[in-house]
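Read through the structure below, which is laid out as structure tokens, and then see the notes.
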């Protein structure tokens, strides 16, 4: 039993990622299975595929703390664009240290999506206990390292030389580029708020100026900027640590105890941060501030974390992404209301210790508080009014509000415009419902109208072409049926016509092509010789069937003459043709067709 237990333990250990000093050429990692990361010798850090929170099929190529409870990410691969973006890959991807001495990240289609840029080739790679993943040349020189390409965090012993930047995440679980930037330049270190996604830099909210050479996180746990005035920010020793530009724009230093005896109480603690109170430090002329528009920022002194809040009867657009700001839960005041109606429908509620600096669009000085209230209530643009008792000044602010913060040193009276009734949310919901129903009504009406138009077109097609088809069908039937005299048409064979016309020999020419209706339709029949039998009426005299056929032919020829008129306006309609052929309508004497005959 014992040998089997020992064998199982050995198999389990062999299937686990092994800490190793050197990673040889040809080694590779995949997101699935035990070979998804490489460990440092002490197992403190791991390098490899890290699943993204909330999306188990999407991965980062990252370095993370392997022994902390949350496995905090310290580095992740990004694109080499001007605005670097995190690289995410899916199941089936592969990271390989090629035989050619390069590191290559391939997606499931074997397309390379990332490779570090360096000169020369690597002989091996190593994951150090400092959290630095290094590609090493044959002469032991460093070809590339994660310490030289920071994302949002720096680690103990890491040195960053200017120029470099740290870019915050958008939120803790989303590694997309966030709204804050630490910019390390030779003239100083500056913290900016930036626009997402363009990266446009707003006004700086913290800076240290001087002749800077580098930023250092030394082994003693101190983060300091090497500059002439000797500025240093200390950290406790005896801890693994990190310094991160957090999603709220604060650059915090964290410590995590390494003693096993402290296992139950092990957690990250904030040692220092810059700026100490970002809610007061960050005020920009453009942009929303620390929190989103129409919200305000508070600083929790206990855990040194910022919190975003909404004013009364406002709510967040997205509870998970509060930086998007707040929206009113009521219909804002309409500018169509007169002053009396506005006074009846809205009121100003007092709030304390809240301010939205740089959001003023009007100031009155000197003025009383009652006058300030009146001016805001009757102004459809005014969402908040602030009245300062000391200088008797009134400031009007309109939506969206920016740079909101809550602080004890705000002594002005804050007046927030809200509806008087208690069903503000129901009004907004009814409005949203009406908008949705209007959209569906418009869509349904459009479909109904389009269908109606299509049906009308189909009916017109049936009426026009169906009628023409009926008329043509009747015409054919009338020609095939008996005449109005009740006698059938007589059919002649080619031999009979040839014998009657003396082999088609006529004055106007020779051959069958010169025989036809054109000769019979001429006004001067003296030029037409129909054969040796003489005139047609003489041929059919006394033959009732022949006389019937003759009248049908005459009627048909007369109608044909009208249909062949050179002037289109003189030609009869199909209905008129049918009536004339059926004998319902009289056939006027056709015009002389000699011009048409000459064209034959």
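Residue numbers (our numbering): 242 to 841. Where is the CB? At the ideal position from N, CA and C, for every residue including glycine. A quick note: this is a predicted structure, and the numbers were derived from the prediction, not measured.
Contact with chain C by residue i, beta-carbon distance below 7 Å
i           : result
residue 525 : In the structure shown, chain C cannot be found, because there is only a single protein chain.
Whether residue i touches residue j by CB criterion (7 Å)
i           : j           : result
residue 371 : residue 393 : no
residue 587 : residue 616 : no
residue 324 : residue 429 : no
residue 569 : residue 555 : yes
residue 397 : residue 486 : no
residue 623 : residue 637 : yes
residue 406 : residue 304 : no
residue 800 : residue 825 : no
residue 338 : residue 382 : no
residue 404 : residue 426 : yes
residue 362 : residue 342 : yes
residue 598 : residue 515 : no
residue 535 : residue 576 : no
residue 628 : residue 621 : no
residue 299 : residue 329 : yes
residue 812 : residue 820 : no
residue 589 : residue 639 : no
residue 540 : residue 520 : yes
residue 651 : residue 592 : no
Collapsed DSSP secondary structure at residue i in the structure displayed
i           : result
residue 372 : coil
residue 338 : strand
residue 441 : coil
residue 423 : strand
residue 541 : strand
residue 291 : strand
residue 812 : coil
residue 723 : Because residue 723 carries a pLDDT of 45, less than 50, the predicted location of this residue cannot be relied on, and no value is offered for it.
residue 608 : coil
residue 562 : coil
residue 832 : coil
residue 286 : strand
residue 626 : strand
residue 521 : helix
residue 740 : helix
residue 400 : strand
residue 389 : helix
residue 616 : helix
residue 597 : coil
residue 381 : coil
residue 639 : coil
residue 362 : coil
residue 553 : coil
residue 455 : strand
Span of the alpha helix (DSSP H) around residue i
i           : result
residue 819 : 815-822
residue 586 : 580-586
residue 303 : No alpha helix (DSSP H) holds residue 303; the beta strand (DSSP E) holding it covers 296-306.
residue 789 : 785-804
residue 328 : No alpha helix (DSSP H) holds residue 328; DSSP gives it neither H nor E.
residue 353 : Looking at the DSSP string, residue 353 is not in any alpha helix (DSSP H); the run it does join, the beta strand (DSSP E), is 353-355.
residue 828 : Where residue 828 is concerned, there is no enclosing alpha helix (DSSP H), given that its DSSP letter is neither H nor E.
Supposed close pair residue i, residue j - CB separation, criterion 8 Å
i           : j           : result
residue 582 : residue 310 : Not a contact, Cβ separation roughly 58 Å.
residue 547 : residue 491 : 7 Å
residue 266 : residue 278 : Not confirmed; about 18 Å, so no contact.
residue 457 : residue 494 : Residue 457 to residue 494, Cβ: 13 Å. No contact.
residue 356 : residue 340 : That belief does not hold up - the Cβ atoms of residue 356 and residue 340 are roughly 15 Å apart, past 8 Å.
residue 416 : residue 327 : 4 Å
First and last residue of the uninterrupted beta strand (DSSP E) at residue i
i           : result
residue 316 : 314-317
residue 807 : From DSSP, residue 807 is part of no beta strand (DSSP E); its letter is neither H nor E.
residue 567 : 567-569
residue 511 : 510-515
residue 658 : 654-660
residue 534 : No beta strand (DSSP E) contains residue 534, which DSSP labels as neither H nor E.
residue 412 : 405-412
residue 346 : 344-347
residue 492 : 492-498
residue 548 : 546-550
residue 277 : Residue 277 -> no beta strand (DSSP E), and no H or E assigned at all.
residue 310 : Element bounds for residue 310: n/a, residue is neither H nor E.
residue 434 : 429-435
Specify whether the stretch 640-658 and the stretch 519-538 touch according to this definition: at least 3 beta carbon pairs, one from each stretch, less than 8 Å apart.
The stretch 640-658, when compared against the stretch 519-538, does touch it at the 8 Å Cβ threshold.
Given 8 Å as the limit, is there contact between the stretch 431-449 and the stretch 327-345, that is, 3 or more CB pairs closer than that?
Here the stretch 431-449 makes no contact with the stretch 327-345; the two share fewer than three CB pairs at distances below 8 Å.
Decide if the stretch 281-289 is in contact with the stretch 363-383; the criterion is three or more beta carbon pairs, one per stretch, under 8 Å apart.
With a cut-off of 8 Å on Cβ pairs, the stretch 281-289 is in contact with the stretch 363-383, counting three or more such pairs.
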